[in-house]
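S.K.:
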Amino acid sequence: MPSGSWIPKFKGVASVIGDHIVTFDGRHFDFRGSECTYLLTRDFRGRSWAMTMTYSRSGKSLDVYAYGKRVTVTPKLHVLVDGVKQELPLSVGNLSIVRTASGLHAKDLGHLFTIFVDPESNSHTISVSGWYHARLGGLLGNFDNEAFNDLTESNGQRSEDLLRFTRSWRLGRCRHANLASGSRRRGAGERPHPECERLFVASRSPFRRCFGLVNPAPFMEICAHERRSGGQQTCLAAVAYMRHCAAKGFRGLQAPAQCTRCDLRSGTGFRQLLAGQRERISSTGTAADVVIVLEERGCLGRDTVRRLPELAVQMRSSLVAAGVSDVRFGLLGFGNPAHHRRGSSARPHWHTMAGELTGSADQLAAALAAVETHDIADAGAEARADALDAVRLAARFPELRPHAARHVILVTCDECHEGRRTLQSVRRALDESGVRLHLLAELRLPTFAYGRRSQAFGVDAGRAFSTEAPEGSAVLRGFTRLPTGKCARLAAGSGGAAFDLRYLRRRQYGSQATLFARSFADRLARDSAHPAAQECQCGASGCGQSARLRCRRTGE
Numbered sequence: 001m002p003s004g005s006w007i008p009k010f011k012g013v014a015s016v017i018g019d020h021i022v023t024f025d026g027r028h029f030d031f032r033g034s035e036c037t038y039l040l041t042r043d044f045r046g047r048s049w050a051m052t053m054t055y056s057r058s059g060k061s062l063d064v065y066a067y068g069k070r071v072t073v074t075p076k077l078h079v080l081v082d083g084v085k086q087e088l089p090l091s092v093g094n095l096s097i098v099r100t101a102s103g104l105h106a107k108d109l110g111h112l113f114t115i116f117v118d119p120e121s122n123s124h125t126i127s128v129s130g131w132y133h134a135r136l137g138g139l140l141g142n143f144d145n146e147a148f149n150d151l152t153e154s155n156g157q158r159s160e161d162l163l164r165f166t167r168s169w170r171l172g173r174c175r176h177a178n179l180a181s182g183s184r185r186r187g188a189g190e191r192p193h194p195e196c197e198r199l200f201v202a203s204r205s206p207f208r209r210c211f212g213l214v215n216p217a218p219f220m221e222i223c224a225h226e227r228r229s230g231g232q233q234t235c236l237a238a239v240a241y242m243r244h245c246a247a248k249g250f251r252g253l254q255a256p257a258q259c260t261r262c263d264l265r266s267g268t269g270f271r272q273l274l275a276g277q278r279e280r281i282s283s284t285g286t287a288a289d290v291v292i293v294l295e296e297r298g299c300l301g302r303d304t305v306r307r308l309p310e311l312a313v314q315m316r317s318s319l320v321a322a323g324v325s326d327v328r329f330g331l332l333g334f335g336n337p338a339h340h341r342r343g344s345s346a347r348p349h350w351h352t353m354a355g356e357l358t359g360s361a362d363q364l365a366a367a368l369a370a371v372e373t374h375d376i377a378d379a380g381a382e383a384r385a386d387a388l389d390a391v392r393l394a395a396r397f398p399e400l401r402p403h404a405a406r407h408v409i410l411v412t413c414d415e416c417h418e419g420r421r422t423l424q425s426v427r428r429a430l431d432e433s434g435v436r437l438h439l440l441a442e443l444r445l446p447t448f449a450y451g452r453r454s455q456a457f458g459v460d461a462g463r464a465f466s467t468e469a470p471e472g473s474a475v476l477r478g479f480t481r482l483p484t485g486k487c488a489r490l491a492a493g494s495g496g497a498a499f500d501l502r503y504l505r506r507r508q509y510g511s512q513a514t515l516f517a518r519s520f521a522d523r524l525a526r527d528s529a530h531p532a533a534q535e536c537q538c539g540a541s542g543c544g545q546s547a548r549l550r551c552r553r554t555g556e
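Going by the working numbering, the residue at position 116 of the sequence shown is 116; the numbering climbs one at a time, nothing skipped.
Written as structure tokens, this is what we have:
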């Protein structure tokens, strides 16, 4: 690959979308692979990386061969390296892999390609740098800006026989023959489906701003095919087109309303709400979702980080003691300068637990124990994380359940500073999602009670918490100086609490560290054990079919 900082502006984007393939040069064909592995794409000049796809009854698995390793992404978005299951975020050479709320994102800063896997639309979107012009081969074509020769077989010969073409890129023996076919042309007098035409042809299409960047014709064909075959109607093509536009750098498109839905799971079963629909839902008082937002900088201190798994177990114990037995945890990291160098982890990143985004207290404790912190000196000032951005992302986590009490715990070195997100936008996200924010940071909470000066280690809107009053004291609250930082104000406004993280350090505070952890966990549990009425509305959450259920508390 040429060296230097100049990179071509154009990039190639290709997709495997259900039973459809769109090549880097925009050619579309239908393909139902047999139980077999096929070469998707490979750099045939540098021979430094390749991608294959394995079709099986359980779905499609993607393999990336780079840096002497085989990285596998399963249909359930679990990741294996040379067959060994790994947790995310993960780096293999310059390949960085992270989970997002809507899928899996991989970015290779060395080989200049990115991958996005969206399980809801059953799509794999692959983009490559312009450096790979006319260097690629496989089912996704050769990326030479000429769609007519995309069906070039593995022996270098051009073909118009799709079955021969796909068989030529087959790796190993297959159990059954694959089924491949080109786009079916409309018969005389046959009009495309009006909804497909509205999205991919009409001058008033909601996607029209991207038409000049991504040719809508292949997606029009996918849409028409899905309508004829009784598939997912327009939604598969619509979401795939949005993914292509996003890969090309054009964001902000919204999925059609009929493609946007919210999954609603409760004790009475499962159902779906469409965009705009509202429903009153009561939290049960027996379930809680807790997301820890952790700053991964060395300033937290090793002793503090080592104590976090014990805090997770203590939270579970306090919640269960309060009658909250259905508890799920999530872990969102931010501020790790090592991830900033790798690119795709520069923004807040989810930590998986047994391959999933949520897990038990024991799984959270294991994930916390595996977190590596780094000193900020490892990166420039631009790598300083935006805690507010991370809190907003956690508050809008689609897996927060409407019938559960919802908490976000921000564990950070110091107070928040406005950056990518303003205080108002984060406050709105907390309010829309019915989330209580709790702050664990180095705070000073001096008290002046009964003629003597002492120190509280926590405070909320009505009480202060100390070694003398771990259950909280309204009287002590009146004598406690409140923290003035942005995140402390956010926590108080959401109904949460702010606690002094220094007390978690056993070396410094000894037995008080255990008392502190129990006091914080009990405070969290008290909020979770009370049923609350809430008004929920299904609304769009970005690029994809899944929407976000916004649930505001209407009573306590």
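Where a beta carbon is used, it is the ideal one built from N, C-alpha and C, also for glycine.
(1) Between which two residues does the alpha helix (DSSP H) containing Q508 stretch?
(2) Relative to the alpha-carbon of E399, which residue among G333, V327, G462, E221 has its alpha-carbon at the smallest distance?
(3) Pairs of beta-carbons, one from the segment 154 to 161 and one from the segment 50 to 68, closer than 8 Å: are there three or more?
(4) For L445, tell me which candidate among C536, F10, S121, L501 has the shortest Cα-Cα distance.
(5) Does the count of Cβ pairs from the segment 314 to 322 and the segment 513 to 525 closer than 8 Å reach three?
(6) Shorter than 7 Å, the distance from the beta carbon of Y241 to the closest heavy atom of the ligand NAD, or not?
(7) Alpha carbon to alpha carbon, how far is A365 from E87? Give it in angstroms, no decimals.
(8) List the whole-angstrom C-beta distance separating F143 from S127, where the pair is believed to meet the contact cut-off of C-beta under 8 Å.
(9) Keeping to the same chain, check which residues put their C-beta closer than 7 Å to that of H78; ignore five residues upstream and five downstream.
(10) Would you mind stating whether V117 and V73 have Cβ atoms separated by less than 8 Å?
(11) According to the neighbour-count rule (16 or more other Cβ atoms, all chains shown, within 10 Å of its Cβ), is F10 buried or exposed?
(12) Distance check for L490 and A513, CA to CA, integer angstroms please.
(13) Out of Q277, Q254, G252, which has the shortest C-alpha to C-alpha gap to D263?
(14) According to the neighbour-count rule (16 or more other Cβ atoms, all chains shown, within 10 Å of its Cβ), is G141 buried or exposed?
(15) Counting only the same chain and skipping the five closest in sequence on each side, list residues whose C-beta sits under 6 Å from that of C551.
(16) Would you mind reading off the limits of the alpha helix (DSSP H) that contains L236?
(17) Between T41 and the rest of its own chain, which residues show a CB-CB distance below 6 Å, the 5 nearest in sequence each way excluded?
(18) Using alpha carbons as the reference points, say which of F448, R302, A287 lies closest to Y372.
(19) Which residue from A312, I292, Q314, E310 puts its Cα closest to that of F334?
(20) Suppose the cutoff is 7 Å on Cβ atoms and the five residues either side in sequence are ignored; what does the same chain contact list for G380 look like?
(21) As an exercise, report each continuous alpha helix (DSSP H) stretch of at least 4 residues that is fully enclosed by the segment 117 to 169, in chain order.
(22) If I follow the unbroken alpha helix (DSSP H) through V475, where does it start and stop?
(23) Kindly list the residues whose CB is nearer than 8 Å to the CB of E588, restricted to its own chain and excluding five residues on each side of it in sequence; keep chain order.
(24) Tell me which residues share the same chain as R427 and place their Cβ nearer than 7 Å to its Cβ, disregarding the 5 neighbours each side in the sequence.
(25) Checking 8 Å against the spacing of the C-beta atoms, do P218 and G458 come in under that value?
(26) Suppose you measure from the CA of A461 to the CA of L476; what does that come to, to the nearest Å?
(27) Can H351 and E221 be called in contact, C-beta distance under 8 Å?
(28) Note down, in chain order, each residue of its chain lying with its Cβ closer than 8 Å to the Cβ of G323, except the 5 sequence neighbours on either side.
(29) Who does R297 pair with in a DSSP beta bridge?
(30) According to DSSP, V327 sits in a beta bridge with which residue or residues?
(31) Could you please give the first and the last residue of the uninterrupted alpha helix (DSSP H) stretch that includes L410?
(32) Quick check on D43: buried or exposed, where buried means 16 or more other Cβ atoms within 10 Å of its Cβ?
(33) Which residue's Cα is closest to the Cα of R164: A390, G172, L151?
(34) Which partner residues of H438 appear in the DSSP bridge assignment?
(35) Is it true that the CB of A429 sits closer than 8 Å to the CB of A395?
(36) Could you give the DSSP three-state label for C174: helix, strand or coil?
M.R.: On the basis of the supplied data:
(1) Start and end: 506 to 509.
(2) V327
(3) no
(4) L501
(5) yes
(6) With respect to the ligand NAD, the structure shown offers nothing to examine, as it has no ligands at all.
(7) 14 Å
(8) Cβ atoms of F143 and S127 stay farther apart than 8 Å, at about 11 Å.
(9) K85, G355
(10) yes
(11) exposed
(12) 25 Å
(13) Q277
(14) Classification for G141: buried.
(15) P402, G434, Q534, C536
(16) 235 to 247
(17) The residues are M51, L136, G138, L140.
(18) The identity of residue 372 in the sequence shown is Glu, whereas the question assumes Tyr. The option with the nearest alpha carbon to E372 is R302.
(19) I292
(20) Interpretation of G380 is limited by its pLDDT of 41, a score under 50 that renders its predicted location unreliable; the figure taken from the coordinates is listed afterwards. Result list for G380: empty, nothing under 7 Å.
(21) Segments of the alpha helix (DSSP H) lying fully in the segment 117 to 169: 162 to 168.
(22) 474 to 478
(23) Residue 588 lies beyond the range of the chain shown here (1 to 556); nothing can be said about it.
(24) L490, G493
(25) no
(26) 12 Å
(27) no
(28) Closer than 8 Å at Cβ, skipping near neighbours: G285, T286, A529.
(29) H374
(30) A288
(31) Careful: L410 lies outside any alpha helix (DSSP H), inside the beta strand (DSSP E) at 405 to 411.
(32) buried
(33) L151
(34) I409
(35) yes
(36) The three-state secondary structure of C174, taken from DSSP, is coil.
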